[in-house]
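Colleague: Numbering (the working numbering), first residue to last: 261 to 350. Ideal Cβ placement from N, Cα and C applies to all residues, glycine included. Just so we're clear, the structure is a prediction, and the values are computed from it rather than from any experiment.
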């Protein structure tokens, strides 16, 4: 949604466009990548592109990924790493 209004100088200004929230239905970890399943597609991301912490982590630590109840983010408890789904697939 875009909102247009008038600024103090009478010029039209455009407010920041509201972004749609992206949530995951499920996640899967492989040795090489994180698999995120959205309602309409599947996204595969190499660990090196997720974060430096995950790139350096062991396969066992990566496997401990937990999808948040609302599907908004992923938490790795042994790494103290949290990433949003929107940030990963956006």
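CB-CB under 6 Å to residue 289, same chain, minus the five flanking residues each way: which ones, in chain order?
Modeller: 322, 323, 325
Colleague: Just to check my reading of the structure: residue 291 and residue 318 have Cβ atoms closer than 8 Å, yes? What is that Cβ distance to the nearest angstrom?
Modeller: That pair is no contact at about 10 Å.
Colleague: If you run the structure through DSSP and keep just helix, strand and coil, what is residue 342?
Modeller: strand
Colleague: If I measure Cβ to Cβ from residue 313 and keep anything under 7 Å in the same chain, skipping five residues before and after, which residues do I get?
Modeller: 339, 341
Colleague: Given a threshold of 16 other Cβ atoms within 10 Å of its Cβ, counted over all protein chains shown, does residue 415 qualify as buried or as exposed?
Modeller: Since the displayed the chain opens at 261 and closes at 350, residue 415 lies outside it and no answer follows.
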